[in-house]
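Here is the structure we will look at, set down as structure tokens.
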Amino acid sequence: MVKSNRCFEDLYDYVRIEESWLSQVKNYITLDEAEPERHCKSKQFIIKVKFMAAVAGPLCGRKQYFKGKIGLWPFVYKVPAKRNSKNRARGAIVTKNIEYINAAECKKMILPAIRSKFPEAHKA
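Numbering (this note's numbering), first residue to last: 209 to 332.
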């Protein structure tokens, strides 16, 4: 029988980063809120937005408690509309998806948030 020195690693010092597409199909509302109206021609026109989320394990310190939530960033930008339409005037601000984002831009968003929200005792 082979003995191994494996032990459980608690993963509290790791940050998990997840990228996903969210669509406007579901509305998360409380019981006292009315459901918002949505109007679109077909399911082809349902708005989809790409998000990146960063979470870590919860940590308890002597003076502070870290829940593990670091941040949620949408990959969007705002531009003025080029043309008139029945839904908006020309020049109105429209939100559009960023089609491609590289690792350097992701680091610019995530690393400052991790440094500001992670507890002092666990920072490297």
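For each residue, glycine too, the CB sits at the ideal point set by N, CA and C. Source: prediction; values computed, not measured.
Residue 223 holds the alpha-carbon nearest to the alpha-carbon of residue 266 among 319, 311, 223. With 16 or more other Cβ atoms inside 10 Å of its own Cβ, residue 264 counts as buried. Bridge partners of residue 224 according to DSSP: 263. Using a Cβ distance threshold of 9 Å, residue 256 and residue 305 count as a contacting pair. Looking at the DSSP output, residue 283 shares a beta bridge with no other residue.
Taking residue 252 as the centre and dropping the five residues before and after it, the same chain places no C-beta closer than 8 Å to its C-beta.
Put simply, of 285, 313, 310, 315 the residue whose alpha carbon is nearest the alpha carbon of residue 301 is 285.
Following the DSSP letters along the chain, one finds residue 315 inside the alpha helix (DSSP H) bounded by residues 311 to 325. Collapsing the DSSP output to three states places residue 258 in a strand. With a threshold of 16 other beta carbon atoms within 10 Å, residue 278 meets it and is buried.
Cα atoms of residue 221 and residue 314: separation of roughly 20 Å, rounded to the nearest angstrom.
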